[in-house]
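In the numbering used here, the protein residues as written are 2 to 283.
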Amino acid sequence: MESIVLVYLNGEIVPHEEARVPVDDRGFLFADGVYEVVRVYDGRPFLMDAHLQRLRDGLAALRIDDPGAAGLAAVAERLLDENGLRDGDATVYIQVTRGAAPRAHAFPPAGTPPTVYVAAKRFARHPAEYYRDGVAAITVPDTRWSRCDIKSVSLLANVLANQAAKDAGAFEALFVRDGIVLEGSLSNLFAVYDGALFTYPASNYILAGITRRHVIGLASALGIPVVEAPVPLDRLFAAAELFLSGTTTEVLPVTRVDGRDIATGCPGPITLRVQRAFRESI
2 MESIVLVYLN GEIVPHEEAR VPVDDRGFLF ADGVYEVVRV YDGRPFLMDA HLQRLRDGLA
62 ALRIDDPGAA GLAAVAERLL DENGLRDGDA TVYIQVTRGA APRAHAFPPA GTPPTVYVAA
122 KRFARHPAEY YRDGVAAITV PDTRWSRCDI KSVSLLANVL ANQAAKDAGA FEALFVRDGI
182 VLEGSLSNLF AVYDGALFTY PASNYILAGI TRRHVIGLAS ALGIPVVEAP VPLDRLFAAA
242 ELFLSGTTTE VLPVTRVDGR DIATGCPGPI TLRVQRAFRE SI
């Protein structure tokens with residue numbers, strides 16, 4: 002008999018199949034909300050505090066009342082227990098919207114309670130050969146809004162970009178704005194030039210990932226210079242190495258972009274050093 006998956010919705014732990022959100026919820030009508038995804042390794046949420054701080058920052062930026070984000074770590078722990086996820090790989094998904102109210106573009110009346118949803122589930126890591134051999138990516142025009150620093154549930158541009166990558170037989174789509182390669186549809190991008198890591202500066206044009214920040218710290222500890230600076234598209238193929246960082250991608254080499262090999266077409270030494278340091282930090 003299949004076990005019941007439990008989730009958290011607006012203060013209650015309920016079976017997943019019984020969780021209901023009103024059709025007037027602004028997350029459904031306007032994508033008016035924020036979310037976070039946290040990796041869990043053998044029952045231990047990784048970098049949870051940093052994820053919750055970014056959630057609070059997103060809520061503040063969208064002027065959504067904080068429903069008690071600090072307490073969601075305890076909710077996540079309970080769901081990991083209730084769903085038997087204290088071994089292996091899992092994820093915790095957290096979403097907060099502005100709540101349910103009659104449809105109108107302006108904010109609903111003060112005091113409208115936000116909708117809070119948390120779920121924990123088993124996670125299947127990407128195949129080992131992705132990390133060993135690298136993956137392919139494509140470049141796509143960046144059609145997103147100019148507040149990519151907010152982890153909004155409005156992800157249609159990312160969805161279309163990632164599907165374009167899948168249609169091309171690639172793993173990731175890299176957004177290009179004004180001739181600059183910014184980041185991926187679900188990851189941040191690092192490039193290696195002359196032994197240094199380059200990544201686009203934290204700004205409103207990228208989602209400065211929690212894993213990105215962790216990788217920068219790991220690289221610095223390894224003595225690898227890190228430069229937060231734009232990577233022009235016309236220099237991308239001159240990179241000695243490329244890799245992606247993200248909650249679900251971890252540190253993933255990119256060895257081919259738009260059908261062209263990056264350097265030798267194999268993961269480079271700096272990528273492998275950062276990859277090892279990341280695994281050791283978990």
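The beta-carbon is built from N, C-alpha and C at its ideal position, and this holds for glycine as well.
- Of the candidates A61, V39 and A102, V39 places its Cα closest to the Cα of T212.
- When beta bridges are read from the DSSP output, Q276 appears opposite no residue.
- Uninterrupted beta strand (DSSP E) stretches at least 3 residues long and entirely within the region 185 to 272 occur at 189 to 194, 197 to 200, 227 to 229, 242 to 247 and 251 to 258, given in chain order.
- In this structure, DSSP gives V154 a state outside helix and strand, which the three-state scheme calls coil.
- With a 10 Å radius around the Cβ and a threshold of 16 neighbouring Cβ atoms, H215 comes out buried.
- Under the DSSP assignment, F176 falls in the beta strand (DSSP E) whose first and last residues are E173 to R178.
- In the three-state reduction of the DSSP assignment, G72 falls in the helix class.
- DSSP, reduced to helix, strand and coil, places L63 within a helical segment of the structure shown.
- Straight-line measurement puts the Cα of T144 at about 13 Å from the Cα of G185.
- Contact between the region 130 to 144 and the region 153 to 165 is present: 3 or more CB-CB pairs across the two stretches fall below 8 Å.
- Segment contact: the region 232 to 247 against the region 39 to 50, fewer than three CB-CB distances shorter than 8 Å; contact not assigned.
- The C-beta of D195 has fewer than 16 other C-beta atoms within 10 Å across all chains shown, which makes the residue exposed.
- A distance below 8 Å between beta-carbons, with the five flanking residues on each side excluded, links L187 to the following residues of its chain, in chain order: N159, N163, E173, G247, T249 and T250.
- The Cβ atoms of V177 and L234 lie closer than 7 Å to each other.
- In this structure P115 is in contact with T98, their Cβ atoms being roughly 6 Å apart against a cut-off of 8 Å.
- By the beta-carbon neighbour count (other beta carbons within 10 angstroms, threshold 16), A71 is exposed.
- The beta-carbon distance between V182 and V119, rounded to whole angstroms, is 34 Å. This is too long to meet the 8 Å contact definition.
- Within the region 18 to 47, the complete alpha helix (DSSP H) segments of 4 residues or longer fall at 27 to 31, listed in chain order.
- A straight-line Cα-Cα distance of about 19 Å links G260 and V193.
- If you look at R133, you'll find it in the alpha helix (DSSP H) that goes A129 to D134.
- Contact check for N205 and C267: beta-carbon distance about 35 Å, past the 8 Å limit, so the pair fails to qualify.
- In this structure, A138 places its C-beta atom within 7 Å of the C-beta atom of V255.
- Taking 8 Å as the upper bound for CB-CB distance, K152 and V35 are in contact here, some 5 Å apart.
- Excluding its 5 nearest sequence neighbours in each direction, V232 has C-beta neighbours in its own chain below 6 Å: V182, A192 and F199, listed in chain order.
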